[in-house]
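As structure tokens, the structure follows; a few thoughts come after it.
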Amino acid sequence: MPADHDASAQTSLDMIIARKETSIDVVNVRQFIYNGREEWRRKEKIVEIVSKDPVFDKSKREWMTRTEKYTRGLRMTNRIHELEQLLGWSKQDATIATSLLDDPLPISLHVTAFEPVFLLQASQELLDKYAGVIASRGIFGCYLQTELGHGSNVAALETTASYIPQTKEFEIHSPTLTSNKWWIGALGKTATHGVVQAQLILPGGVDMGPHLFFVQLRSLDTHELLPGIIAGDIGPKSFHGFAATDNGFARFFHVRIPKEHMLSKFAQVTDDGKYVQPPHAKISYGGMLYIRSGMVTTAGWVTAKAVVIAIRYATVRRQGARGPDGLEKRIITYPSLYIRLLPILARAYVFISLGRALSQSFQIMVQRLSGGDTSLLAEMHATTSGLKILCTTSSVQDVENARRSMGGHGYSAFSGVGRLYADVIPSVTYEGENFVLDQQVVRAALKAFHSLFGTEGKGRPSPSTIRGLTASSYYLRLLSSPSKEPPFLEDGDGSKSSWNDFETLILLLEWRAALLVHEMAQTAHDPDTTLFQRVSRGTTEAFVGRRVGEMINDFRKNSELQESDVAVLSRLYLLYLQTTIESALADFLSFGLLRIRNPFRVRASRDPTRGLRLAIARNCLSLVPEAVGLTDALGFSDWELDSTLGMYDGNVYQALWDKAQTEPLNDKEIPDAYEESIKPMLTRGQQKLTERKWETKL
Ligand SMILES: Cc1cc2nc3c(=O)[nH]c(=O)nc-3n(C[C@H](O)[C@H](O)[C@H](O)COP(=O)(O)OP(=O)(O)OC[C@H]3O[C@@H](n4cnc5c(N)ncnc54)[C@H](O)[C@@H]3O)c2cc1C
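Residue numbering for the sequence shown follows this note's numbering, starting at 320 and increasing by one per position.
Here you go:
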């Protein structure tokens, strides 16, 4: 290494060089990922405003107590509402501003859970009375479903809502300790109102199962809890996650609410206490589907943040062997590193695109629902459940893998990735615990299978039934005729390899899903222990595979993208498909789906998976020079990332140094613990030694 080499100055240089290497037009790709120039400009403007406002300063948050984080969270929310009014922001602008804060805030529960559930399920009368004040945030809401004793098993919730015909009221009651509502976001200290999930009890004690009720929790004058309600915060959470959110408990003691406060757009109770059935068994799932579809987008953006930080750091961090320039190699050049990070980048891109498409489908479903058309509900339920599981499970793994890829500095809170991890991990639990939700995906897949092939699973479906298959079960067409066979695969390098062909990869994913569902149908009486998860994942990945094929076709037609942009994006989305197959090779091998025509093994290897693995390695290598461009295209500012390792200019060492100087422990040279503990320990140790020496002399 040259004697005057400055490793810190080199980092900025490395970043400049990396930016020059990329062949994509960052502006074009950024517009593509933001769904057009307008959306990007809108976000950019909001970032500019918010990042300069001292209320949104992030520099001290690592040292804040839980209470300070909660207080800061609400201060920021209040400021966003002020800005909304001052600057004439739309509701969407305010949502963008809130999402930029990367702190899960109590208001999110109002926006993502309380409001959509209320709007979808309240009667017209209740909507007329409250929709306006909910929209203008004149009241704050939360969604009270989970209890201390029950979460996944909603049918077993203990809170009751008993109808009293004499007064036309419901009485909300928590009969036991375990019926305490628990984990409820924004309930602890913030929310004034809530939607409560409770067993509807009709006169005579008939239990109609869980239904939703709109309940005021706190006074709008004093913010005190209303009579008959006790509530509070459930305490800190793992890894200090969700610190700004007051996840809370509540117990109701015979709290009366007017009959109109039952969310009765679908199921109703007549004045004299008779039950009116909803038109569709799952119609009340609407709100949950909204939250789940939003979680796909969020998983994509969280993954994106983590991988942007990790790729930028890997681009400037030098460690290990020296290259021809006499400098240690940049760690991004190590195959063991880029093979970890680039598939994460691919998943971030795919999940962001998927989330957008899903939200659009959700809006269409809502429009149809409002006209009483429930035909899209089952399909939406199947796809959002599967995607929620897939995307949240992946993002939890990917964020942690991104952090680990950065070695020791990745563990510093200043990397910003630990914070992302702490907040993303519960996403696998809330809105349907992923392993429990797997069962619903499997149920939907089996239903589709049996409706096609009969209860025995041996029928021959008509062409019209096959044509009528929905997107979530489209793969089942492959089982419709014995003459249909999985494709033979061309091994080898380059474009001729089947492993570089989108359509083949998508078809393989569909074959795996079809055979897994067939296996499940045949062995449903005695399934092996992982079959549920494999069917759930396999069917969802087949669905996503087809969508990825559509995305590739779409951006090939996108006139705003240049040829080089399309080429790079195609390789990135191809990597998504390749690595999806690689991570499920056990299934592909189990079902004999790797039918290789000209295996590598003829030449050097016995391994039928080698062709795929080589294709992934080569695809990744071709994407290394594009990595920084693709991360820039995700459009995060330094303020948003709040990461010393993800700095746009690559100046990571200076940033780490500067941050370390802000550590309050460094305020005093001699810490308070010196007099109290360090000094006595040192003195004791020195005395012991002197005593021992004295004893030996004796
Ligand atoms: C950060 C956070 C925020 C939350 N916010 C809210 C909120 O605002 N409102 C709200 O109502 N709730 C909220 N929750 C609660 C959340 O919805 C529940 O935690 C979730 O539904 C899981 O329920 P549980 O915790 O009771 O777990 P359990 O259902 O007890 O699950 C425990 C384990 O048992 C397994 N298991 C359970 N049932 C089955 C089964 N039938 N078959 C196989 N395995 C099973 C699960 O896979 C899991 O591993 C929140 C939770 C968290 C962590």
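A virtual CB, placed ideally from N, CA and C, is assigned to each residue, including glycine. None of these values were measured; they are calculated from a predicted model.
For Gln980, the first and last residue of its enclosing beta strand (DSSP E): Note, Gln980: premise wrong, no beta strand (DSSP E); alpha helix (DSSP H) at Val971 to Gln980.
CB contact flag (Val743, Ser724, <8 Å): Judged by their CB atoms, Val743 and Ser724 are not nearer to each other than the 8 Å cut-off.
Bridge-paired residues (DSSP) for Arg575: Glu490
Completely contained alpha helix (DSSP H) runs for the segment 722-786, where each covers 4 or more residues: 726-730, 736-743, 753-772 and 782-786
Rounded straight-line distance, which links the Cα of Asn917 to that of Thr748: 45 Å
Inter-residue Cα distance where the pair is Ile610 and Pro435: Cα to Cα, Ile610 sits roughly 8 Å from Pro435.
Three-state secondary structure (DSSP) of Glu804: coil
Minimum C-alpha distance to His542 - residue among Gln516, Gly523 and Thr509: Thr509
Contact belief for His469 with Leu463 at Cβ below 8 Å, rounded distance in angstroms: With 8 Å as the limit, His469 and Leu463 do not qualify as a contact, their Cβ atoms being about 13 Å apart.
Residue of Ala569, Val626, Ala623 and Arg631 minimising C-alpha distance to Tyr972: Arg631
Every unbroken alpha helix (DSSP H) within the segment 501-564, with a cutoff of 4 residues, ordered by chain: As far as the segment 501-564 is concerned, it has no whole alpha helix (DSSP H) run of at least 4 residues.
Tyr609 beta carbon near ligand 1 (any heavy atom closer than 7 Å): no
Rounded separation between Ala763 and His700 - CA only: 9 Å
Nonlocal neighbours in the same chain, by C-beta distance under 8 Å from Asp565, ignoring five residues either side: So the qualifying residues of the chain are Tyr389, Pro425, Gly504, Ala505, Leu506, Gly507, Lys508, Thr509 and Asp552.
Backbone secondary structure at Ile458 - three-state DSSP: Looking at Ile458 - three-state DSSP - the assignment turns out to be coil, as it is neither helix nor strand.
Cys461: CB within 7 Å of a non-hydrogen atom of ligand 1: yes
Coil, strand or helix - Ile343 by DSSP: coil
Nearest to Ile284 (by Cα), restricted to the options Pro990, Val943 and Gly969: Outside the shown range of the chain, which is 320 to 1017, sits residue 284, and nothing can be said about it.
First and last residue of the uninterrupted alpha helix (DSSP H) at Ile671: Pro654 to Ser689
Integer Cβ distance of Ala474 from Gly407, believed to fall under 8 Å: No, Ala474 and Gly407 are not in contact; Cβ-Cβ is about 46 Å, not under 8 Å.
Proximity test, Thr465 beta-carbon vs ligand 1 heavy atom, cut-off 7 Å: yes
Collapsed DSSP secondary structure at Ser924 in the structure displayed: coil
Three-way DSSP call (helix, strand, coil) for Ile915 in this model: strand
Other residues of its chain near Leu646: CB distance less than 8 Å, five sequence neighbours each side excluded: Met320, His324, Gln329 and Arg637
Integer Cβ distance of Ile576 from Phe433, believed to fall under 8 Å: About 16 Å separates the two Cβ atoms, so there is no contact after all.
The segment 590-598 touching the segment 534-541, judged by at least three CB pairs closer than 8 Å: no
Spatial distance of His580 from Ile549 (CA atoms): Just so you know, the alpha carbons of His580 and Ile549 end up roughly 20 Å apart.
Span of the beta strand (DSSP E), counted from its first residue to its last, around Gln638: Arg637 to Arg641
Whole-Å CB distance - Ile663 paired with Asn720, under 8 Å assumed: Indeed, because the Cβ distance is near 7 Å, the residues count as touching under 8 Å.
Lys500 classed as buried or exposed, judged by whether at least 16 other C-beta atoms fall within 10 angstroms: buried
Pairwise C-alpha distance: Leu420 and Arg394: 12 Å
Own chain partners of Lys815 with C-beta closer than 8 Å, once the 5 adjacent residues on each side are dropped: Glu809
Selection from Ser704, Phe768, Pro806 and Glu882 that minimises the alpha carbon distance to Ala843: When only C-alpha atoms are compared, the closest one is Phe768.
Burial state of Gln411 (16 or more Cβ within 10 Å): exposed
Presumed contact (8 Å Cβ cut-off) between Ala832 and Thr858, rounded CB distance: 5 Å
C-beta atoms of Leu788 and Trp830 nearer than 8 Å: no
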